Every structure is written in C-alpha cells, then in structure tokens.
Amino acid sequence: MGNKMSCISVRLSESDHSKIKTTAKTLQVRHSDIMRYAIKTTLTRLSAFHNPELTGPALLPTIIEHCNELNRHFDLDADKLDNIINAEVIAAGRQVARSDIELLALCGMPVEIIQQRFRQVTGIKLKDNEVYQFMKKYLAEKYQSA
52 MGNKMSCISV RLSESDHSKI KTTAKTLQVR HSDIMRYAIK TTLTRLSAFH NPELTGPALL
112 PTIIEHCNEL NRHFDLDADK LDNIINAEVI AAGRQVARSD IELLALCGMP VEIIQQRFRQ
172 VTGIKLKDNE VYQFMKKYLA EKYQSA
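For the sequence shown, the numbering used here gives the first residue as 52, with consecutive numbering after it.
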C-alpha cells in the first residue's frame with residue numbers, strides 16, 4: 052500500500068467547487084488538501100464498509116449512524132441495503148431481517164412515514180424526536196448476539 056499517490060478526476064458542482072476554494076483559502080491550504088481531508092474523513096466514518104470481516108448485523112451501527120446521508124447520496128433502497136448487509140453473510144441466522152432492512156431504507160424520509168412503518172413492524176409508537184435513537188436501540192438489542 053505505501054505512500055504512492057494516484058491522480059484522480061472528480062466532477063463537482065460549481066457550488067461545491069466554490070466552497071472548496073473558499074475553505075482552502077480560509078484555512079490557507081491547497082484545494083487538494085481539502086479534498087484529501089474530505090475523503091479521509093469519509094473513509095474513516097465508513098470504515099466498516101472496507102472491512103471484509105464485518106457483514107450482516109456488524110454493519111448496522113455504521114448504516115444507522117449515517118443512513119440519512121447514505122440514502123440521500125446513494126439512493127439505497129431495501130434491495131441495495133439487503134445486498135450490502137446480507138450478501139456476504141455465511142452463517143445461518145446472522146442475516147438481518149428484510150423488515151428491518153426496509154426500516155433502514157426509510158431513513159431520510161419524513162419522520163411520520165418511519166413512525167408508521169416502525170409501528171407496523173414492532174407495534175411500538177414513537178415520538179418524532181426519538182425515531183432514530185429508538186431505531187438504533189431496537190436494532191442493536193435485536194442483533195447484539197448475532
């Protein structure tokens with residue numbers, strides 16, 4: 052792996068490019084420093100996805116933590132999430148249930164829709180401000196021994 056650098060080309064909106072230039076100027080660094088920072092920060096936050104040992108329920112904390120952003124930027128529907136979470140699961144009983152994956156796919160949707168689906172799946176009625184906290188707790192407890 053080493054320190055060998057690769058040159059890449061990235062398409063950005065004018066708005067994003069302007070923000071990068073302004074941020075670089077403010078911090079008195081190069082544009083490329085801002086890009087490397089953004090990439091390294093994102094890769095750190097999503098480190099579970101580049102660890103082949105983590106599959107099934109082990110991916111849930113990262114997905115729950117970043118589900119709004121992931122769904123917004125990558126259009127992750129239930130089928131894609133199911134493939135990401137369960138495709139590499141070998142041991143029987145370690146897969147995440149389809150109903151739970153469908154809950155995750157709702158991230159980024161209006162809270163009312165998530166509340167309604169959560170109530171259908173679990174029978175629990177949630178308040179607006181507790182949807183994501185409770186979803187995280189519910190999935191962690193359900194899959195902690197998996």
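Glycine included, C-beta positions come from ideal geometry on N, C-alpha and C.
From a predicted model like this one, the values you see are computed outputs, not experimental measurements.
- The Cβ atoms of G107 and I136 sit closer than 9 Å to each other.
- At a cut-off of 4 residues, the continuous stretches assigned as alpha helix (DSSP H) that sit fully inside the stretch 117 to 187 are 129 to 137, 149 to 156 and 162 to 173.
- Boundaries of the alpha helix (DSSP H) around M86: H82 to R96.
- Take the alpha-carbon of S64 and the one of H82: they are about 15 Å apart.
- Rounded to the nearest whole angstrom, the C-alpha separation of D126 and V80 is 33 Å.
- Straight across, the Cα-Cα distance linking T73 with R62 is about 18 Å.
- For A75, the enclosing alpha helix (DSSP H) starts and ends at E65 to L78.
- With contacts defined by Cβ atoms closer than 9 Å, L111 and Y183 do not form a contacting pair.
- Nearest neighbour of E153 by Cα position, chosen from K176, T77, Q167 and H124, turns out to be Q167.
- When DSSP states are grouped into helix, strand and coil, K55 belongs to the coil group.
- Here the alpha carbon of A75 sits roughly 26 Å from the alpha carbon of H117.
- Taking K188 as the centre and dropping the five residues before and after it, the same chain places no C-beta closer than 7 Å to its C-beta.
- C-alpha of H101 to C-alpha of L121: approximately 15 Å in a straight line.
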